[in-house]
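Heads up, the sequence shown is in my numbering, so the first residue is 1 and it goes up one at a time. Ideal placement from N, C-alpha and C gives every residue a C-beta, glycine not left out. See structure below.
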Amino acid sequence: MSVLSGKNVLVGVTAGIAAYKTANLVRLFIKAGANVQVIMTPASKDFVTPLTLSTLSKNPVHSTFYNKDEENELWNNHVELGLWADLLVVAPATANTLSKMANGTCDNLLLATYLSAKSTVYFAPAMDLDMYKHPSTKNTLEKLQEFGNIMIPAESGELASGLVGEGRMAEPSTIISFIEQDILSGLPLNGKKVLITAGPTYEAIDPVRFIGNHSSGKMGFELAKCAANLGANVYLITGPTNEKVQHTLIKVIDVISAQDMYNATHTYFAEVDIAIAAAAVADYKPLKAENQKIKKKNDAMSLEMIKTKDILASMGASKEQQFLVGFALETTNEIENATGKLERKNLDLIVLNSLQDKGAGFKNTTNKVTIIDKSKDQIAFTLKSKTEVASDIFNEIIKRTNA
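See below:
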């Protein structure tokens, strides 16, 4: 998954030979998880077919304000299209269309939509060498950028005319990468590193049995996705769970036991800016894990247990610049217990949830939390999806770190 996942991308296609590349561009947007619609200028259909782009985008292609061949002649609402888009990407952008964009000419659906768009507008110039170097083209490109549009620079290479030089539309993979990096540069956690622990730990009794808990890992995974969508590079250290995530900014480190999680956490902790301990780590483990399966012989069995290493406390003791967040799952004296944990473990923030609250805690898609900071200020939230809770937590972190 990339930062384009879930974005509404409107691709504008104009009448240049590079339009054949737009098919691959649309495919890459879809692969990145974006929702894609396409607007073609009428003349661009000579270079790539609407059928190709509609098949790849999984949406009808728009080209005219209405279709005269349709009995009900439905109007393609350019305002609605402009409002739908999170991004408008004109690729290829010919000299003709760029000039019209710069001067407010509105003689087709794409240009009308551009003039109505509230979204970020990217354009990828595509034309021959002499056209690209012409003073009028240079003025057009400068003017469009002054309006706040973002140019994806043309590349040098062999052109359709046979000349070699600047003017080739950037390759689709380059366009995707350019837009991703531009989006990331404006995100509040861009350049930050975040460590998140998630899920349960399993402490072995013998080769087939273990001591564990009911944590699904969902809260930690939602925190990881939220951090990545805010631009952070994320280390997600997770115990055994059925949760899955694929994101270019998330590195997943799978562990099993509390000792495994301790080791992995301290491998990365020194280099991160923010650490959130959302895992439900076992407090105790068997003194000895048997090498062979324990046979059922007696009516009762005793296990000698010893404490596991306190991962959160160890981070609190060694932290320097890190902003450290812990979780407290309580059943009684919730505020008092959470505040005590905040102080003992040298945390900057603690997230309290209670098993007394319906819909909170393990195995739920929802959670109800109270966030407490070092000043003992409390912010109580209503029951929300864990996705929304993750967003609330990072909003509070960002406020306190000026990230």
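Asked, Found
"Start and end residues, beta strand (DSSP E) containing P125", "120-125"
"Same chain, Cβ closer than 7 Å to L56, neighbours up to 5 away in sequence not counted", "A23, V26, R27, I30"
"CA-to-CA distance, F221 to K244, given in whole angstroms", "8 Å"
"A101 versus K384 - alpha carbon distance", "At residue 101 the sequence reads Met, which differs from the Ala that was named. Approximately 44 Å, taken between the alpha carbons."
"Any 3 or more C-beta pairs closer than 8 Å across the region 322-334 and the region 288-306", "no"
"4-residue-minimum alpha helix (DSSP H) runs that sit fully inside the region 126-177, ordered along the chain", "129-133, 135-146"
"Identity of the residue in K45, F323, E180 nearest G6 by Cα", "E180"
"Contact under 7 Å by Cβ, L287 with G231", "no"
"Sequence-distant residues of its chain with Cβ nearer than 6 Å to V121 (five each side left out)", "L88, N149"
"Cβ shell of T387 (< 6 Å), same chain only, five flanking positions each side left out", "E222"
"Which listed residue (A282, K376, Y132, I397) has its alpha carbon closest to that of A204", "A282"
"Own chain, CB closer than 7 Å to K341, minus 5 neighbours either side, in chain order", "G326, A328, I350"
"Cβ contact check for the region 246-262 and the region 166-176: 3 or more pairs under 8 Å", "no"
"Residue from V234, F47, L115 whose Cα sits closest to the Cα of N77", "L115"
"Chain-order list of residues whose beta-carbon lies under 7 Å from that of K307 (same chain, five-residue window excluded)", "D283, Y284"
"Candidates L159, F123, S136, N337, of which the one nearest F147 by Cα", "F123"
"Nearest candidate by alpha-carbon position, reference H134, set A95, L109, A117", "A95"
"Proximity to E290 [Cα-Cα], best of I256, N213, P207", "P207"
"Beta-carbon proximity list for N35, same chain, < 6 Å, skipping 5 on both sides", "N8"
"Same chain only: Cβ atoms within 6 Å of L187, ignoring 5 sequence neighbours per side", "L230, G231"
"Distance, V389 Cα to I152 Cα", "36 Å"
"Distance between beta carbons of S257 and T201, contact taken as under 8 Å", "5 Å"
"Top-ranked residue by Cα proximity to E304, from L109, V90, I211, T64", "I211"
"Residue nearest to K218 in terms of C-alpha spacing, selected from V38, S156, I237", "I237"
"Beta-bridge partners of N402, as assigned by DSSP", "DSSP, once it has assigned bridges, lists no residue as partnering N402."
"Cβ-based burial, G16 [other Cβ within 10 Å; buried from 16]", "buried"
"Counted within 10 angstroms of its Cβ, other Cβ atoms place G104 as buried (16 or more) or exposed", "exposed"
"Inter-residue Cα distance where the pair is I183 and L4", "8 Å"
"Beta-carbon proximity check, L10 vs A85, cutoff 7 Å", "yes"
"Residue ranges of each alpha helix (DSSP H) within the region 12-45, 4 or longer", "22-31"
"Alpha-carbon spacing of K293 relative to A280, whole angstroms", "26 Å"
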